[in-house]
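Novice: Have a look at the structure that comes next, please.
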Amino acid sequence: MSRARRRLALACAFAALAASAGGARADLSVDGTRFIYPAQEKAITLRVGNPGSAPILVQIWLDQGEAQDDLARLRVPFTPMPPLFRLDPGERKAVQLRYTGEPLPQDRESQFWINFMDVPAAGERRDGLKVQISLSMKLLFRPKGLAGEPRKAPGELRWTYDAAGSALAAENPTPYSVTLRTLRVRGARDAGLEGVTVPPYGSARLAWPGPLPRAARELTLDYEAVDDLGLAAAGSARAEAAAGS
């Protein structure tokens, strides 16, 4: 399970526990599910809100997916302003995320995670249960002048499969990070995969949850690719048999 999914699963578990304790719930909303930071921008805006009935404290920090309990030790070239603030019931706030200028690759996108934590404000009770919810959302730093178009990158992935090993492999020849919300193999009886990421100019080997059809020459894949707005666009691709499979 990916780090983002673990955080979301934990959030759902806390929310379910809170509901069983008397209707308490997470009171943090974030506009968007992923964010693009164009290199030429001085800052981008994150919009958060409190749709609940009690004040909350919100903490925001960034990382690259590493496990680190001490946030002061994290070294990422972005600063949220402000990083910690209170939201009263019904209040919304615009948070500025600024790139601090440390060198990043200029020939491809770089991936980070924006983390949001919702903590009940001091002195507030949520039916006797203190609820703390953490969400992680993807941030892609996009240098200026990259070749091609990000919306076309999913269709440019090169796929191979190993039927004997029940695995797929994807190569990404583009400078854009590709995220597939879902990935299915036509003719396979399993549910497929979710949350697949193939890094720019990189590759990903995906263990398949069940046996792959033993096609003579190729498989047909169906996927939903996530675009810059976080929306899913359906597509399909062909996977050729890997050499020796």
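Those letters in the sequence shown? Residues -26 to -1, 1 to 219, per mature numbering (1 follows the signal peptide of the UniProt record, and there is no 0), in order. Glycine is no exception: its CB is placed at the ideal position from the N, C-alpha and C atoms. Keep in mind that this is a model prediction, so the values were computed, not measured.
1. What three-state label does DSSP hand A178 in the structure shown?
2. Can you tell me whether DSSP reads residue 224 as helix, strand or coil?
3. Rank E214, N24, D81 by C-alpha distance to the C-alpha of F90 and give the top, closest one.
4. Drop a sphere of 10 angstroms on the beta-carbon of L205, count the other beta-carbons inside from all chains shown, and report buried for 16 or more, exposed for fewer.
5. Would you give the residue range spanned by the beta strand (DSSP E) that R188 belongs to?
6. Taking the CB atoms as reference points, tell me whether F52 and T19 lie closer together than 8 Å.
7. Taking just the CA atoms, how far does R66 sit from G176?
8. Taking the Cβ atom as the reference point for each residue, do P94 and A28 lie within a distance shorter than 8 Å?
9. With a Cβ-Cβ cutoff of 8 Å, do A13 and P117 count as a contact?
10. Would you report the Cα separation of A(-9) and D1, rounded to the nearest angstrom?
11. Can the beta-carbon of A181 be found less than 8 Å from the beta-carbon of Y150?
12. Would you decide whether T148 is buried or exposed? Buried here means 16 or more other CB atoms lie within 10 Å of its CB.
13. In terms of DSSP beta bridges, what is Q70 paired with?
14. To the nearest angstrom, how far is the alpha carbon of A199 from that of I10?
15. So R212 is in the beta strand (DSSP E); what residue range does that whole segment cover?
16. Going straight from the alpha carbon of P183 to that of A137, what length do you get?
17. Report all residues from its chain with a CB closer than 8 Å to the CB of E130; omit the five preceding and five following residues, and keep chain order.
18. Taking the straight line between their C-alpha atoms, what separation do you get for V69 and G161?
19. By the 10 Å Cβ neighbour count, where 16 or more other Cβ atoms means buried, how is M111 classified, buried or exposed?
20. Give every residue of the same chain whose Cβ lies closer than 6 Å to the Cβ of D5, excluding the five residues on either side of it in the sequence, and list them in chain order.
Specialist: Reading it off the structure:
1. strand
2. For residue 224 there is no data in the structure shown, the boundaries of the chain being -26 and 219.
3. N24
4. exposed
5. It is not in any beta strand (DSSP E) - R188 carries neither H nor E in the DSSP assignment.
6. no
7. Whole-angstrom Cα-Cα distance: 39 Å.
8. yes
9. By the CB criterion at 8 Å, A13 and P117 fall inside the cutoff.
10. Note that A(-9) scores a pLDDT of 36, beneath 50, so its modelled location is shaky and nothing firm can be said.
11. no
12. buried
13. T19, M55
14. 15 Å
15. Where R212 is concerned, the enclosing beta strand (DSSP E) starts and stops at 206 to 215.
16. For P183 and A137, the distance between alpha carbons rounds to 12 Å.
17. G122, N146, P147, T148
18. 46 Å
19. buried
20. Short of 6 Å from the beta carbon of D5, and not among the five residues preceding or following it, lie these beta carbons of its own chain, in chain order: R21.
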